[in-house]
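Heads up: the sequence shown at position 156 corresponds to 1031 in my numbering, and the numbers run straight through without jumps. Where is the CB? At the ideal position from N, CA and C, for every residue including glycine. Worksheet: the structure to be examined is printed underneath.
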Amino acid sequence: TDVRSALDLHGARPANLAVEVTESSLASVHEATSVLDDLHSCGLKVAIDDFGVGYSSLGYLAHFPVDYIKIDRSFVQGIDHKAKLEKLTEAIVVLGEALNLPPVVEGVETEAELDVLINAGARYAQGWLFAKAMPLASLLAVLDEQAASHEQSTQFSELLDATGP
């Protein structure tokens, strides 16, 4: 109910939000399932954060109502020169995709890491390579700039389509 109240208070669209839960918070299966069901009933997506470390259990993927898994950054650091990390990350990506739990790889900091992850089949990634942590006002400014750039690009494409080659 606290989550619902916060969503209502701020006018947030639940479909645009995801809640990240750590594996260690899923220790009590019955309680965790109830909480995750409540989050889903609000319309929120749920991700298991730091998947693959700590109290990791493949059973979580079968029993908990989650929408994504987030591959811990410890799998990314050095992936461009450690074959075992690459193969392990690739296996987690394949597993997530097979279970319809799109994996998000955390902690991508270099182009070399990104290249290896793309070759391993990763479709989603986050990290300092893309943007450093920033205050909300800065994020909103970046999003506004990207939206304006996209709008200009769309208008230019429409103009080219209208005038022909």
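Can you find the residues in the same chain that come closer than 6 Å, C-beta to C-beta, to lysine 920, ignoring five residues on each side of it along the sequence?
Taking the sequence shown and counting its residues from 1, one reaches residue 920 at position 45. Non-local C-beta neighbours of lysine 920 in its own chain, meaning closer than 6 Å and more than five positions away in sequence, comprise Ala893, Asp942, ordered along the chain.
From the DSSP output, in three-state form, read off aspartate 912 for me.
Residue numbering aside, residue 912 sits at position 37 when the sequence shown is read from its first letter. Note: aspartate 912 maps to helix in three-state DSSP.
Please go through the same chain and pick out, in chain order, the residues whose beta-carbon is closer than 6 Å to the beta-carbon of glutamine 1021, but skip the five residues on each side of it.
Numbered from its first residue, the sequence shown carries residue 1021 at position 146. Around glutamine 1021: no qualifying Cβ.
Just verifying my parser: in three-state terms, what is the DSSP assignment at alanine 995?
Here residue 995 is taken as the residue at index 120 of the sequence shown, counted from 1. The three-state secondary structure of alanine 995, taken from DSSP, is coil.
In its own chain, which residues sit with a C-beta less than 6 Å from the C-beta of histidine 915, not counting the 5 before and 5 after it?
Looking up residue 915 in the sequence shown gives position 40. Counting only Cβ-Cβ distances below 6 Å, and skipping sequence neighbours, we find Pro940.
Could you tell me if isoleucine 993 is buried or exposed, where buried requires 16 or more neighbouring beta carbons within 10 angstroms of its beta carbon?
Sequence index remark: in the sequence shown, residue 993 carries index 118 (1-based). Looking at its Cβ environment, which holds fewer than 16 other Cβ atoms inside 10 Å, isoleucine 993 is exposed.
CB-CB under 6 Å to lysine 959, same chain, minus the five flanking residues each way: which ones, in chain order?
Here residue 959 refers to the residue found at position 84 when the sequence shown is read from its first residue. For lysine 959, where only same-chain residues beyond five positions count, there are no Cβ hits under 6 Å.
Threonine 964: first and last residue of the uninterrupted alpha helix (DSSP H) it sits in
Start at 1 with the first residue of the sequence shown, and residue 964 comes out as number 89. It spans 958-973 - the alpha helix (DSSP H) in which threonine 964 sits, taken as one unbroken run.
Within the chosen definition, does the segment 970-978 reach the segment 948-958 through at least 3 CB pairs nearer than 8 Å?
The answer is no - the segment 948-958 does not touch the segment 970-978, with fewer than three Cβ pairs under 8 Å.
Given a cut-off of 9 Å on the beta-carbon distance, is the pair alanine 966 and isoleucine 944 in contact?
Along the sequence shown, one-based indexing puts residue 966 at 91. Along the sequence shown, one-based indexing puts residue 944 at 69. Inclusion of alanine 966 and isoleucine 944 in the CB contact set at 9 Å is not warranted, their separation being larger than that value.
Where leucine 1014 and alanine 995 are concerned, what is the direct C-alpha to C-alpha distance, given to the nearest angstrom?
Position 139 of the sequence shown, counted from the first residue, corresponds to residue 1014. Position 120 of the sequence shown, counted from the first residue, corresponds to residue 995. Here the alpha carbons of alanine 995 and leucine 1014 stand approximately 29 Å from one another.
Excluding five sequence neighbours on each side, which residues of the same chain lie with their C-beta closer than 7 Å to the C-beta of glutamate 961?
For the purposes of this step, residue 961 is taken as the residue at position 86 of the sequence shown. Cβ neighbours of glutamate 961 beyond the five flanking positions: Ile954, Val991, Ala995.
Compare the C-alpha of glutamate 984 against each of Val910, Leu963, Leu911, Ser949 and name the closest.
If you number the sequence shown from 1, residue 984 lands on position 109. Checked all of Val910, Leu963, Leu911, Ser949; the closest Cα to glutamate 984 is Ser949.
Can you find the residues in the same chain that come closer than 7 Å, C-beta to C-beta, to glutamate 895, ignoring five residues on each side of it along the sequence?
Here the question's residue 895 lines up with position 20 in the sequence shown. Beyond the five residues adjoining it in sequence on each side, glutamate 895 comes within less than 7 Å, by CB distance, of Ala922, Asp924, Lys945 in the same chain, given in chain order.
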